[in-house]
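**Q** Going line by line, the protein sequences match chains C and R.
For the first sequence, position 117 matches number 117 in my numbering, and the numbering has no gaps at all.
When you read off a place in the second sequence, starting at 1, and then add 1000, the result is the number in my numbering.
Where is the CB? At the ideal position from N, CA and C, for every residue including glycine.
Take a look at this one; I'll ask things after.
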Amino acid sequence: MSARVQLASAAGAILSLPARLIEPAMSGIQRGVGIKRMPWVFLLPNLVAVILFALLPVFINVFYSMSGSDRLFPWDRPFVGGANYQSLLDCTNYLDPSTCSRDLFWRALGNTMVFVPVQVICMIAIALLTAICLNRDIVGRGFFRGIFFFPVMLSPVVVALTWQWILQRNGALNGLISAAGLTPVNWLIFPNTAFFWSVFVTVWAHMGFYTIILLAGLQAIPRDVYEAAKMDSASPWRVFTRITLPLLKPVMLVVFILAVIRSVQTFDELYVLTGGGPGSATMLMVQYIYEVGFAAQPRNFGLAAAASLFLGLALLIFTGIQMRISRGGNND
Amino acid sequence: MTDLSQAKPGLSIVEFATRRRGRKRLDWTDWLTYLYLFLGLVVMFTPVLWVAISSFKTPANLTEFPPTLLPYANQTAVVEGHDEPLPLFDVVGEDGESRRLAQLRRVGIQAQMVDPANPEERIVVPVGDATPVRQLYLATENYTNLLTSSGGQIWRYLFNSLFITVVATAITLVMNSMAAFALSKYRFRGSNIALVSILATLMIPATVVLVPTYMIVAQLGLVGNLWGVILPTVATPTGVFLLRQYMLTIPDELIEAARMDHASEWRIFWRIILPLSSPALAVVAIFSILSRWNDFLLPLVVLTRRESYTLQLALASFQTEYGVRYEILLAMTTLTALPLAFAFIFLQRYITSGIASTGIK
């Protein structure tokens, strides 16, 4: 037996060792609890993890939002009732964040309220356009699909650093601009341009994901519907609004809901790209939660939990509105 | 002999290249489509390409504005009597003749130069008359510096990222498929409640329960520990759902037959159901690997010690620490993106079909 085969079989034995140990243990358990209870044995690890890290935290989060001090463990924390919510909502004028005691919360909330609709609508419009182009009978479809999709695979940190490198004062974009005879702009220094590029970069990074889903939806539309429209010499625009969009509606709803849920939770890219700046111009809710609960000293877990409940509420409202709109549309 | 180009007279090269099934010519919508796709190609691909090219530039080349398209470096020459290689300049003399000189030092608007052929004689030249001699140069030392800087810490970060990704994915696969097996192949009281409570966690984004998750990790004593990032992420509802839907299509007769042969339930699961579920397992594995490798917020909160940083955390912290050392930052950005770029080339089909069928990520 050659050395390589020996090595491979040794590696195989080591890798299968846990499996070999589990099998007698599991048949022992089966003899102990009986075959009827075996599904619960199979479910147990996953259920424990789900309860410990998803369901239980929801309830603990509510308690956090109603307790004070910077102590981490719930049993060390005094109950303060609605004080955290009161602090978040304490404003003399709700239209002016600077009159609020937690003005950063209101700025983050306001930014999120603008960011989410703008980003989601831009992203889905571009993803739909791309999907339609990729659905046509063109040369190099697989190649172009890959090109539009690959940023989805990149880590948010890589995405942010890539664009930072392009947008910086002496970056490639300003190089192109000055080559065209225009004045270079320091893109990430001004609130408006920083906000624009925040939307642009997150759309750039995530649109491929939605393009793939929409493309699958488009491919599911039967070809003969289009053939029939061609027979009636319908204009491309009419085909799009009367055939493509209505038939794509279920997929569009899924895409909208997924996009909104992720857009509301945007954090990583902007944390690295702009750090929420300039000032607080691109700070969104998740970053506020992170800053208040983890980055600032002393850590204010109560406020972070209260803010994250607002975030959860916002998610529910956004999703609810979309379900409403889509159901309303089905009636006509 | 038949000449192929003569086969269809009157067919130009453009028409030949763009000829397709069905219709003969491209109409305006096709041109618009190609225009859009090529614009997309530029916008989607050049940023990453630009970072990769930039990572091969020397620090001096990186600070130039406007930036050069390709990495350049000053050509240097070893001159007798000087230990370090000296940068070369083309100098236009008063007689209008160009000479290639090596620069010793620069003082204000004057530069002290020396002719490599005649190292004894020093020449003072106005800076304006000298243009650097440049050549294409790949600054691979950016990468070697990165790998050796601060005692090879990057290997530590790489190990942490790999450990988290591999272990979390392995646990996810085993745990999710166990749950999926129970929820697809058994009828028992409470199975619907279990399924619904697992799927309900789809509605609970990790960012919303960040504080209590951190508390539970801290209670388990796992702050600053790689397991503190692994455990909260292993029970993915989408994984259970996808695997359950797939296992429902596996015929129950296989299980019945195995039970006749007195196989234990675990053996049925491990030897029959798991191998048959490998396509679904592959999709779950790819998405688990992707999200664990790219994870940022939970590691940022949990992994507080420098030794426990993942590549992503280290990269983000490099940004502030090495703020001026762009060459290191760019090399590390490229290196972090590389494994996934390679994986993508091989796995694109699985990934896109996985997304298209489930909408998971």
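1. On a Cα-Cα basis, can you pick out the residue from C:Pro39, C:Ile22, C:Gly32, C:Ile51 that is closest to Thr1233 of chain R?
2. Got a sec, what are the start and stop residues for the beta strand (DSSP E) Pro1066 of chain R sits in?
3. Taking C-beta to C-beta, are Pro39 of chain C and Ala1331 of chain R nearer than 7 Å?
4. With distances taken between CB atoms, is the gap from Phe267 of chain C to Leu1297 of chain R smaller than 7 Å?
5. Going straight from the alpha carbon of Ser308 of chain C to that of Asn111 of chain C, what length do you get?
6. Taking Cβ positions only, does Ser363 of chain C come closer than 7 Å to chain R?
7. Would you please verify whether the beta carbon of Gly181 of chain C is less than 7 Å from any beta carbon of chain R?
8. Determine contact between the stretch 241-249 of chain C and the stretch 268-280 of chain C, defined as no fewer than three beta-carbon pairs at a distance below 8 Å.
9. Taking Met285 of chain C as the reference, which of C:Ser101, C:Pro78, C:Val80, C:Arg262 has the closest Cα?
10. With a threshold of 16 other CB atoms inside 10 Å of the CB of Lys249 of chain C, please say whether the residue is buried or exposed.
11. Verify the contact flag: Asn300 of chain C, CB atom, against every heavy atom of the ligand MN, threshold strictly below 6 Å.
12. Give me the Cα-Cα distance between Pro956 of chain R and Phe318 of chain C, rounded to the nearest whole angstrom.
13. Short of 8 Å Cβ to Cβ, which residues in the stretch 1274-1299 of chain R face chain C?
14. Comparing alpha-carbon positions, which option in C:Gly142, C:Val260, C:Leu311 lies nearest Val118 of chain C?
15. Helix or strand or just coil, what does DSSP make of Thr1131 of chain R?
16. What are the residues that DSSP puts in a beta bridge with Ser1098 of chain R?
17. Is the stretch 1222-1231 of chain R touching the stretch 1302-1313 of chain R in the sense that three or more CB pairs, one from each, lie closer than 8 Å?
18. Please name the residue or residues paired with Ala1111 of chain R in a DSSP beta bridge.
19. At the level of alpha carbons, what is the spacing between Val199 of chain C and Arg299 of chain C?
20. Does Ser27 of chain C get closer than 7 Å to chain R when you measure Cβ to Cβ?
21. Can you say whether Arg1259 of chain R is buried or exposed, counting buried as having 16 or more other CB atoms within 10 angstroms of its CB?
22. Cutting at 6 Å between CB atoms, please list the residues of its own chain near Ala1179 of chain R, excluding the five before and the five after it.
23. Relative to chain C, which residues along the stretch 1088-1116 of chain R have a C-beta separation below 9 Å, given in chain order?
24. Show which residues of chain R have a CB atom less than 8 Å away from the CB atom of Gln30 of chain C.
25. Return no unless some Cβ of chain C is closer than 7 Å to the Cβ of Pro1047 of chain R.
26. Would you give the residue range spanned by the alpha helix (DSSP H) that Tyr288 of chain C belongs to?
27. Leu1329 of chain R touches chain C at which residues, Cβ-Cβ below 9 Å?
28. Would you say Met153 of chain C reaches chain R, if we count a Cβ-Cβ gap shorter than 7 Å as a contact?
29. Take the Cβ of Met1044 of chain R as the centre, count every other Cβ of all protein chains shown within 10 Å, and call the residue buried at 16 or more, exposed below.
30. Just to confirm my understanding: we take Asn174 of chain C, look at its own chain, exclude 5 residues before and 5 after, and list those with CB closer than 6 Å. What are they?
31. Which of the three DSSP states, helix, strand or coil, is assigned to Ser9 of chain C?
32. If you draw a straight line from the alpha carbon of Tyr1137 of chain R to that of Ala1337 of chain R, how long is it in whole angstroms?
33. For the stretch 230-247 of chain C, which residues have a beta carbon sitting closer than 8 Å to at least one beta carbon of chain R?
34. Measure the beta-carbon distance from Ser155 of chain C to Trp1293 of chain R and round it to whole angstroms, keeping in mind my assumption that it falls under 8 Å.
35. Shorter than 7 Å from the beta carbon of Arg136 of chain C to some beta carbon of chain R?
36. Is Ala1218 of chain R close to chain C? Criterion is C-beta to C-beta, closer than 7 Å.
**A** Judging by the given coordinates:
1. Counting from one through the second sequence, the residue named residue 1233 of chain R turns up at place 233. The shortest C-alpha separation from Thr1233 of chain R is found at C:Ile51.
2. The sequence position of residue 1066 of chain R within the second sequence is 66, counting from 1. Taken as a continuous stretch (DSSP letters only), Pro1066 of chain R belongs to no beta strand (DSSP E), as it is neither H nor E.
3. Translated into positions along the first sequence, residue 39 of chain C becomes position 39. Translated into positions along the second sequence, residue 1331 of chain R becomes position 331. No. Outside cutoff.
4. For the purposes of this step, residue 267 of chain C is identified with residue 267 of the first sequence, where counting begins at 1. For the purposes of this step, residue 1297 of chain R is identified with residue 297 of the second sequence, where counting begins at 1. With contacts defined by Cβ atoms closer than 7 Å, Phe267 of chain C and Leu1297 of chain R form a contacting pair.
5. As a working note, residue 308 of chain C is residue 308 in the first sequence. As a working note, residue 111 of chain C is residue 111 in the first sequence. Whole-angstrom Cα-Cα distance: 15 Å.
6. As displayed, chain C neither begins before 1 nor continues past 332, which places residue 363 of chain C out of reach and without an answer.
7. Residue mapping note: residue 181 of chain C aligns to position 181 of the first sequence, counting from 1. With 7 Å as the cut-off, Gly181 of chain C does not count as an interface residue toward chain R.
8. When C-beta atoms of the stretch 241-249 of chain C are compared with those of the stretch 268-280 of chain C, fewer than three pairs fall below 8 Å, so the two segments do not count as touching.
9. As a position in the first sequence, residue 285 of chain C is number 285, starting the count at 1. Comparing Cα positions, the closest option is C:Arg262.
10. Translated into the one-based positions of the first sequence, residue 249 of chain C becomes position 249. So Lys249 of chain C counts as exposed.
11. Ligands in the displayed structure: none, and consequently the ligand MN is not present.
12. Chain R is shown from 1001 up to 1361; residue 956 of chain R falls before or after that span and cannot be answered.
13. So the close ones are Leu1290, Trp1293, Asn1294, Phe1296, Leu1297.
14. Residue 118 of chain C sits at position 118 when you count from the first residue of the first sequence. Here the closest residue by C-alpha is C:Val260.
15. The sequence position of residue 1131 of chain R within the second sequence is 131, counting from 1. Strand at Thr1131 of chain R.
16. Residue numbering aside, residue 1098 of chain R sits at position 98 when the second sequence is read from its first letter. As computed with DSSP, Ser1098 of chain R is found in a beta bridge with R:Val1092.
17. The stretch 1302-1313 of chain R, when compared against the stretch 1222-1231 of chain R, does touch it at the 8 Å Cβ threshold.
18. Numbered from 1 along the second sequence, position 111 holds the residue referred to as residue 1111 of chain R. Ala1111 of chain R is bridged by DSSP to R:Arg1106, R:Val1125.
19. What you label residue 199 of chain C is simply residue 199 of the first sequence in a count that begins at 1. What you label residue 299 of chain C is simply residue 299 of the first sequence in a count that begins at 1. Put simply, the backbone Cα of Val199 of chain C is about 30 Å away from that of Arg299 of chain C.
20. Taking the first sequence and counting its residues from 1, the one referred to as residue 27 of chain C is at position 27. Interface residue, yes.
21. Looking up residue 1259 of chain R in the second sequence gives position 259. Within a 10 Å sphere around the beta-carbon of Arg1259 of chain R sit fewer than 16 other beta-carbons, which makes this residue exposed.
22. Locating residue 1179 of chain R in the second sequence gives position 179, counting from the first residue. These residues qualify, in order along the chain: Val1240.
23. Residues of the stretch 1088-1116 of chain R with a C-beta atom less than 9 Å from some C-beta of chain C do not occur.
24. Translated into positions along the first sequence, residue 30 of chain C becomes position 30. Ordered by position in chain R, the residues that pass the 8 Å Cβ test against Gln30 of chain C are Ser1264, Glu1265, Trp1266.
25. What you label residue 1047 of chain R is simply residue 47 of the second sequence in a count that begins at 1. Closer than 7 Å to some Cβ of chain C, the Cβ of Pro1047 of chain R qualifies, so yes.
26. Indexing the first sequence from 1 puts residue 288 of chain C at position 288. Element bounds for Tyr288 of chain C: 285-290.
27. The residue you call residue 1329 of chain R lines up with position 329 of the second sequence. Simply Leu161, Trp165.
28. In the first sequence, residue 153 of chain C corresponds to position 153, counting from 1. Yes, contact with chain R.
29. As a position in the second sequence, residue 1044 of chain R is number 44, starting the count at 1. So Met1044 of chain R ends up on the buried side.
30. Taking the first residue of the first sequence as position 1, residue 174 of chain C is located at position 174. Cβ neighbours of Asn174 of chain C beyond the five flanking positions: Pro184.
31. Residue mapping note: residue 9 of chain C aligns to position 9 of the first sequence, counting from 1. Correct three-state label for Ser9 of chain C: helix.
32. Along the second sequence, read from residue 1 onward, the residue named residue 1137 of chain R stands at position 137. Along the second sequence, read from residue 1 onward, the residue named residue 1337 of chain R stands at position 337. Rounded to whole angstroms, Tyr1137 of chain R to Ala1337 of chain R spans 23 Å at the Cα level.
33. Listed in chain order, the positions of the stretch 230-247 of chain C with a beta carbon within less than 8 Å of a beta carbon of chain R are Pro236.
34. Taking the first residue of the first sequence as position 1, residue 155 of chain C is located at position 155. Taking the first residue of the second sequence as position 1, residue 1293 of chain R is located at position 293. Confirmed, about 7 Å.
35. As a first step, residue 136 of chain C is located in the first sequence; it is residue number 136 there, counting from the start. When Cβ-Cβ separations below 7 Å define contact, Arg136 of chain C makes contact with chain R.
36. Sequence index remark: in the second sequence, residue 1218 of chain R carries index 218 (1-based). Cβ-Cβ to chain C under 7 Å: yes for Ala1218 of chain R.
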